[in-house]
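Inspection log for the structure reproduced underneath, given as structure tokens.
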Amino acid sequence: MVWPCPLRVDVYASLGRAVKVPRPRCPSCSRPVVFWSGYWRHVRWRERERKIFIPRVRCRGCGVTHALLPAFVLARRLDAAESAGAVIGQVAAAASGVRPAAAAAGVPYTTARGWVRRFAGRAGGLAVSFSALCAELGGEVVRPDPDRRFRWAAGAIGAAFTAAAALPGWAALGAWRFASTVTGGSLLAANASSPWLVIGSRRFMPPRSP
Ligand SMILES: [Zn+2]
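See the structure below:
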């Protein structure tokens, strides 16, 4: 699970185990959960790697444990969601090729190329689900552009975020933390969760300051 963390990466990292995360409901059965240890992982942001603590929760009802990832990370990716988003956004806007976008984001070219390929491969599905999410949130209609799916998907994420930003708390998170949150961190995974599913199971919780 991803929670809509508004903290800067370095602030989150400096809190270590003391980071306070809003307690969610179990995504499987909606019953209360208890905090249940956690683990350390790395995140790279602005060319620096930091160690961050990821709390886990355990459901009292079904016994399942879930990691609570802050919205600035993507599941199984070292780099912050904003870095991937910056590269994807630049390429979508045709503002630059992958190489200059990678340099601007401070990530290796091969990493950026991997994000762009994965996003391109999933662009059609992402475009459709973020357009639907945008409509669900009362946003503007996203015009389908199946001949330019990469651009369509990036535009749909931007439009859905604009709609979400009208709700309390979301504006400060930015489009890519928003995208990470509603896909459960799977934006650039082989199989992404649809943001519809996330909303359907009421994981579209408003951001709160920890
Ligand atoms: Zn449960």
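Numbered according to the numbering used here, the sequence shown spans residues 1467 to 1676.
Idealized CB from N, CA, C, for every residue including glycine.
Spell out whether any CB of chain E is found under 8 Å from the CB atom of residue i.
{"i": "Gly1635", "result": "In summary, chain E is missing from the structure at hand, where a single protein chain is found."}
Report yes if the C-beta distance between residue i and residue j is below 8 Å; otherwise report no.
{"i": "Pro1470", "j": "Thr1628", "result": "no"}
{"i": "Met1467", "j": "Gly1650", "result": "yes"}
{"i": "Arg1516", "j": "Val1509", "result": "yes"}
{"i": "Ala1547", "j": "Ala1537", "result": "yes"}
{"i": "Ala1593", "j": "Arg1565", "result": "no"}
{"i": "Ala1567", "j": "Ala1578", "result": "yes"}
{"i": "Pro1490", "j": "Val1499", "result": "yes"}
Give the DSSP bridge partners of residue i, in chain order.
{"i": "Gly1504", "result": "Pro1521"}
{"i": "Arg1514", "result": "Trp1511"}
{"i": "Arg1491", "result": "Pro1498"}
{"i": "Val1539", "result": "Ala1546"}
{"i": "Val1607", "result": "None; Val1607 has no bridge partner."}
{"i": "Val1468", "result": "Leu1535"}
Taking the alpha helix (DSSP H) that residue i falls in, what are its first and last residues?
{"i": "Thr1531", "result": "Taken as a continuous stretch (DSSP letters only), Thr1531 belongs to no alpha helix (DSSP H), being part of the beta strand (DSSP E) at Thr1531 to Ala1533."}
{"i": "Leu1599", "result": "Tyr1575 to Glu1602"}
{"i": "Gly1621", "result": "Arg1615 to Ala1630"}
{"i": "Trp1636", "result": "No alpha helix (DSSP H) holds Trp1636; DSSP gives it neither H nor E."}
{"i": "Gly1555", "result": "Ala1547 to Ala1558"}
{"i": "Ala1567", "result": "Val1564 to Ala1571"}
{"i": "Ser1480", "result": "Val1475 to Leu1481"}
{"i": "Arg1643", "result": "Ala1641 to Val1648"}
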